[in-house]
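Going by my numbering, the residue at position 114 of the sequence shown is 96; the numbering climbs one at a time, nothing skipped.
Shown next, in structure tokens, is the structure this report addresses.
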Amino acid sequence: MLEIRFDIVQAITIAAIFNGLIFSVLLLRKRENRKANRFLSLLLFSMSYSLAAQLCIDLGVYNYYPRLHWLPAKLVFWMGPAFYFYIKCLTAPNFQVRNVHLWHFAVIIFEYPHSVYHLILGRINPYPRLHNFTEAMSAYALFPLLLYSYFSFRIINNYRKALLDQYSSTELRTLAWLKQLILMGAIILFPILIVFLVDFRIFYDYNMEFFEGTLFQYDFVITLLFILAIYWLSIGGFRQAQIEIDQDLWPAKHKEMPKDYSLIIDTLMEAMQKDKLFLDPELSIRKLTQHTELAERDISAALNQQLKKNFYAFVNEFRVEEVKKRLKDPQHEHLKLLSIAFDAGFNSKATFNRIFKEYTGESPKAYREKVS
């Protein structure tokens, strides 16, 4: 009879598995970002399944329930493409998932050799080298995972550049949490790769079982980091707001021929100086288009070519000047810095402090002390 005893790491692992599965269902029911959330749901399910499979190995569950080998050993090979297509759909709402894209997920076949080995031979191990090779298959998923992460990182960088051409406030749209997750993932994967190469030797010596490595006693650290990634994706993905972005303004997709945009610049300056549109914390290039009746593409091209600025820098420069003006005005000396910043169009304390220092070379507090 199977007797299971849990330690603290395994208890945390079980909690993370249930968290990942629950959020994978909740994401499918979320109305925003439906197309993208299907891939994020698949990613969380794959991570939870793989974590559960490893837990079953640690607890010896497969010894008592060999029929579980009909299931894939893990779903690590799905993590890379699921994450990549999540980023793709999130940043490009018009992106169409076609049948050819599904071939990215066909690599699940590499998860089956280990299961097939045990289905045929049971839990005995007459061919250790073959067994160790099939068991190492999931480790080879590290390479496509790193590749998909690299391409996802590039998409996020291009997307962030496009945002600066379309929004004056980007805090809720920058996908910074995903960029941090990729960096964290790279930090996790690098030591795993080193351990696999040096300790487990699964890439060149299949005489040793994966658990015979001298560093295997510290595998709980990798497990905890993996668990952290599940929670990060679950919470961050569920909080991710709907993204609206004009794909035609992506830097890689659109280049204007040089021409004179003086009249457009004059119109934009009037909208800022006279109409003070910058006071709107949610000002976007679309709103500016509606106000000026100029085309979004012309506004973006005029700012980039004539002023050598993106929309984000253009608008926030007026906000900084407005803050400086109010800080010099005795009528505003009783107001807090953050209140003045919000009145000038900023909607984040961190963004205000960073942008103000970029333009003036000193912090808002230091500037106020100097002019008061």
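Positions of the beta carbon are idealized from the N, C-alpha and C atoms, including for glycine.
query, result
"F27 to R336 span [Cα, whole Å]", "38 Å"
"Status (buried if at least 16 other CB within 10 Å, exposed otherwise) for K70", "buried"
"Whole-Å CB distance - D262 paired with K269, under 8 Å assumed", "7 Å"
"Euclidean distance between Cα positions of K143 and L276", "22 Å"
"Alpha helix (DSSP H) runs contained entirely in the stretch 93 to 128, provided each spans 4 or more residues", "95 to 103, 110 to 117"
"Exposure of K235, with buried meaning 16 or more beta-carbon neighbours within 10 Å", "In this predicted model, K235 has a pLDDT of only 49, less than 50, meaning its place in the structure is not dependable; the value taken from the coordinates is given anyway. Under this definition K235 is an exposed residue."
"For Y99 and Y47, the rounded distance between their alpha carbons", "15 Å"
"Pair within 8 Å by beta-carbon distance, Q288 and Y243", "yes"
"Candidates K347, F208, K290, of which the one nearest K310 by Cα", "K347"
"Cβ shell of L175 (< 7 Å), same chain only, five flanking positions each side left out", "L124"
"Backbone CA spacing between D(-11) and F202 [nearest angstrom]", "11 Å"
"Cβ-Cβ separation, I281 to L245 (assumed contact under 8 Å), whole Å", "No, L245 and I281 are not in contact; Cβ-Cβ is about 12 Å, not under 8 Å."
"Three-state secondary structure (DSSP) of V46", "Note on identity: in this sequence residue 46 is Tyr, with Val being the wrong assignment. Note: Y46 maps to helix in three-state DSSP."
"K352 versus K331 - alpha carbon distance", "20 Å"
"Three-way DSSP call (helix, strand, coil) for S131 in this model", "helix"
"C-beta contact flag for S150 and F260 at 8 Å", "yes"
"Contact set for D147: own chain, Cβ-Cβ below 8 Å, skip 5 residues either direction", "L231, P233, I267, S282, L285, N286, N292, F293, Y294"
"For S151, three-class secondary structure by DSSP", "coil"
"Collapsed DSSP secondary structure at S266 in the structure displayed", "strand"
"For R20, three-class secondary structure by DSSP", "helix"
"Member of L72, V82, I(-1), T274 whose CA lies at the smallest distance from the CA of G219", "L72"
"Three-state secondary structure (DSSP) of N286", "helix"
"Cβ contact check for the stretch 111 to 124 and the stretch 79 to 97: 3 or more pairs under 8 Å", "yes"
"Per-residue DSSP class, three states only, for P54", "coil"
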